[in-house]
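Okay, structure first, notes after.
Number of protein chains: 2
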Amino acid sequence: MERSKAQPYHHGQLREALVTSGRALLEEKGIRGFTLRECARRAGVSHAAPAYHFASIDDLLSELAARGFDELAVAMTTEANRAEGGAAGGLIGQGVGYMAFAAGNPALFQLMFSREANRLESAALTTTAEKVRALHAAAIEGVIPHASGEIKQRMTDFAGASVHGFISLLLDGQIGGKDSSRALKARGLSLLSAMAETVVRAGG
Amino acid sequence: MERSKAQPYHHGQLREALVTSGRALLEEKGIRGFTLRECARRAGVSHAAPAYHFASIDDLLSELAARGFDELAVAMTTEANRAEGGAAGGLIGQGVGYMAFAAGNPALFQLMFSREANRLESAALTTTAEKVRALHAAAIEGVIPHASGEIKQRMTDFAGASVHGFISLLLDGQIGGKDSSRALKARGLSLLSAMAETVVRAGG
DNA sequence: GCTCAATCTTGACGATGGAAAGAGGCAGAA
DNA sequence: TTCTGCCTCTTTCCATCGTCAAGATTGAGC
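So the sequences go chain by chain: H and B. Reading the first sequence from the start, the letters are residues 3 to 206 in our numbering. Reading the second sequence from the start, the letters are residues 3 to 206 in our numbering.
Laid out in structure tokens, this is it:
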């Protein structure tokens, strides 16, 4: 078969190329429209080529989800550091970073927090997901360092659930159907401030 | 082909049978493992039989999701009516019903609030989903009838997001990995009471 | 009892994930 | 340098999927 220089027999960076094309495909077609063969096509290789780099389609999805959690952690940390207003401001900033990542990568976000991802049971996936949870718990700890363990857990649950729930409902179309992007951001920020206020008050 | 009395040529209740087998299959295999042919197999008909009752696999999924929202509304109403403690107690009860439905039908719940469901654009689906949102808004209205519209919306977002977020994270394995079922219920109730407290306080 | 439309079966098509077998190319040993 | 072995990729094949088209079956209404 004829083969140009741009398409040598050995790709060289196929794993990375598959991750890149896979991520784009995921956002385009959603989880149910995601196919391994289309990933391979976009990477310019045959449909069986991915097999060497990823044992199965779930293995590739697992990698995408794990990298998503890494990026999510970065987004949370970046926004938290940029925020003003001390520990409570940092908590709000974390929420902003969380929502911004989800809004920018809706299909990936859904994959990361889907039941299917949970079944993947990849070590990298559980590790990176745990890092995100640790970041969140640390932010709560910073706001109410002297509260009891029970209250800390309750506020961790509460804060995490409200941020995650809000952006999830928004991306699923259950919230703000006809609102403008600007109005939705305002609603998000309003929710974040109410959340932070609740946490602060719980600290005594 | 030989055909027993129990398997006549015309099924008679095929639509309902497909909904039933489909729902069971969904919980067993998850969204990605859901196939139309397996639904047909379990209903005892050929693989092409469903076509007459459902235009496509998405059409069947849409029906499942719509019925899920109906059941969710019933679960919320039932628990809210059973609850004591006035309007605030009713709000908590609604949350209990919401979480109980989700815990009892995790895959269906995920389907109902998935991006794919959003793409289905079925009229029945949007209607039943809207009913659930209206129930929730009414419960908030009952707790803080004299608050401003802005505060009502903020608390509707906040309450809905925290309940939805908590049970979603729980079902996805992001919360309470090794906790007992009893401990998780306690965490859920703790979150619900914190949620109700925040709403009540927001009312002035 | 006949007709006909609704319902179901059979068979086919293109697409998918995965396995098996072979071809190509690089790196280290001779 | 040449050869050898292994990693990578292609080709081919299989079972399964959703969907369509065509034929078989049945019950309801004339």
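Built from N, CA and C at the ideal position, the CB exists for glycine as well.
*Kindly list, in the order they appear in chain B, the residues whose Cβ is closer than 7 angstroms to that of Ser164 of chain H.*
Scanning chain B for C-beta atoms nearer than 7 angstroms to the C-beta of Ser164 of chain H yields Phe160, Ala163, Ser164 and Gly167, reported in chain order.
_Element boundaries [alpha helix (DSSP H), containing Lys180 of chain B]_ = First-last for Lys180 of chain B: undefined, no H or E at that position.
*Please list the residues of the region 105-131 of chain H that have a C-beta atom closer than 8 angstroms to any C-beta atom in chain B, keeping them in chain order.*
Pro108, Ala109, Gln112, Phe115, Ser116, Arg117, Glu118, Ala119, Asn120, Arg121 and Ala131: these are the residues of the region 105-131 of chain H whose beta carbon lies less than 8 angstroms from some beta carbon of chain B, given in chain order.
*Does Glu152 of chain B have its Cβ less than 9 angstroms from a Cβ in chain H?*
Look at Glu152 of chain B: its C-beta is under 9 angstroms from a C-beta on chain H.
*Under three-state DSSP, which class holds His55 of chain B?*
Note: His55 of chain B maps to helix in three-state DSSP.
*Where the region 187-201 of chain B meets chain H: residues whose CB sits under 8 angstroms from a CB there*: Sequence-ordered contacts of the region 187-201 of chain B with chain H read Arg189, Ser192, Leu193, Ala196, Met197 and Thr200 [C-beta pairs closer than 8 angstroms].
*Is Ala90 of chain B near Val165 of chain B, with beta carbons less than 9 angstroms apart?*
Not a contact, by the Cβ cut-off of 9 angstroms.
*asked:* Please report the distance separating the alpha-carbon of Arg34 of chain B from that of Ala149 of chain H.
replied: Taking the straight line joining both Cα atoms gives about 43 angstroms.
*Could you tell me whether any Cβ in chain H is nearer than 9 angstroms to the Cβ of Gly206 of chain B?*
Gly206 of chain B does not count as touching chain H.
*If we ignore side chains and look at the alpha-carbon of each, how far apart do His49 of chain H and Arg17 of chain H end up?*
Taking the straight line joining both Cα atoms gives about 14 angstroms.
*Does DSSP put Thr80 of chain H in a helix, in a strand, or in coil?*
Helix, per DSSP.
*Give the range of the alpha helix (DSSP H) segment to which Val98 of chain H is assigned.*
Per DSSP, the unbroken alpha helix (DSSP H) holding Val98 of chain H starts and ends at Gly88 to Gly106.
*Confirm, please, whether the CB-CB distance from Ala67 of chain B to Ala119 of chain B is below 9 angstroms.*
Taking 9 angstroms as the Cβ cut-off, Ala119 of chain B and Ala67 of chain B qualify as a contacting pair.
*Among residues of its own chain, excluding the 5 on either side of Ala75 of chain B, which ones have a beta-carbon nearer than 8 angstroms to its beta-carbon?*
Apart from the 5 residues on each side of it in sequence, Ala75 of chain B sits with its Cβ closer than 8 angstroms to the Cβ of Thr130, Lys133, Val134 and Leu137 in its chain, given in chain order.
*Which word fits Gln15 of chain B, buried or exposed, when buried means at least 16 other C-beta atoms lie within 10 angstroms of its C-beta?*
With fewer than 16 other Cβ atoms within 10 Å, it is exposed.
_Own chain residues within Cβ distance below 7 angstroms of Gly92 of chain B, not counting five before or after_ = The answer, listed in chain order, is Ala82, Ala85, Ala141 and Gly144.
*Among B:Gly206, B:Met197 and B:Phe168, the one whose alpha carbon lies nearest that of Ile153 of chain B*: Distance from the Cα of Ile153 of chain B is smallest, within the candidate group B:Gly206, B:Met197 and B:Phe168, for B:Gly206.
*Determine the closest residue to Asp72 of chain B out of B:Tyr100, B:Pro52, B:Pro147 and B:Asp60, with distance taken between C-alpha atoms.*
When only C-alpha atoms are compared, the closest one is B:Tyr100.
*If you drop the 5 nearest sequence neighbours on each side, which residues of the same chain put their C-beta closer than 7 angstroms to that of Met172 of chain B?*
In the sequence under discussion, the amino acid at residue 172 of chain B is Leu, which differs from the Met named in the question. Result list for Leu172 of chain B: Gly178 and Leu186, in chain order.
*Can you pull the chain H residues whose beta carbon is under 9 angstroms from the beta carbon of Gln96 of chain B, in chain order?*
Correct list: empty, because the minimum Cβ distance to chain H is about 15 angstroms.
*Helix, strand or coil for Ala196 of chain B per DSSP?*
Ala196 of chain B falls in the helix class under three-state DSSP.
*Counting along the chain, where does the alpha helix (DSSP H) carrying Val165 of chain H start and finish?*
Boundaries of the alpha helix (DSSP H) harbouring Val165 of chain H: Gly151 to Leu173, taken from the DSSP string.
*Using three-state DSSP, classify Ile33 of chain B as helix, strand or coil.*
Judged by DSSP in its simplified three-state form, Ile33 of chain B adopts coil rather than helix or strand.
*First and last residue of the uninterrupted alpha helix (DSSP H) at Ile142 of chain B*: Judged by DSSP secondary structure, Ile142 of chain B falls within the alpha helix (DSSP H) whose first and last residues are Ala125 to Val145.
_Spatial distance of Glu40 of chain B from Thr22 of chain B (CA atoms)_ = In a straight line, the C-alpha of Glu40 of chain B is about 12 angstroms away from that of Thr22 of chain B.
_Along the region 21-42 of chain B, where does the CB come closer than 8 angstroms to a CB of chain H? Name the residues._
Hits within the stretch, in order: Gly32, Ile33 and Arg34.
*Please determine, among B:Gly32, B:Pro10 and B:Ala53, the residue with the shortest C-alpha to C-alpha distance to Leu20 of chain B.*
Here the closest residue by C-alpha is B:Ala53.
*Nearest chain B C-beta to Ser1 of chain H closer than 9 angstroms, yes or no?*
Look at the range of chain H in this structure, 3 to 206, and you will see that residue 1 of chain H is not part of it.
*Extent of the continuous alpha helix (DSSP H) run through Ala42 of chain H*: Residues Leu38 to Ala45.
*Short check: CB of Val201 of chain H to CB of Phe160 of chain H, under 9 angstroms?*
For the pair Val201 of chain H and Phe160 of chain H, the CB atoms are nearer than the 9 angstroms cut-off.
*asked:* With a threshold of 7 angstroms on Cβ separation, who are the neighbours of Gly95 of chain H within its own chain once the five nearest residues in sequence on each side are excluded?
replied: Correct list, in chain order: Glu81, Ala82, Arg84 and Ala85.
*DSSP on Ala215 of chain H, reduced to helix/strand/coil?*
Not covered by the structure: residue 215 of chain H. The range shown for chain H is 3 to 206.
*Does Ser64 of chain H get closer than 9 angstroms to chain B when you measure Cβ to Cβ?*
Not one chain B Cβ lies under 9 angstroms of Ser64 of chain H.
*Closer than 7 angstroms at the beta carbon, the chain B residues around Gly175 of chain H*: One finds Asn120 in chain B with Cβ atoms closer than 7 angstroms to the Cβ of Gly175 of chain H, taken in chain order.
*Determine the chain B residues that contact Ser170 of chain H at a beta-carbon separation under 9 angstroms, and present them in chain order.*
Within 9 angstroms Cβ-Cβ: Phe115, Ala163, His166, Gly167 and Ser170.
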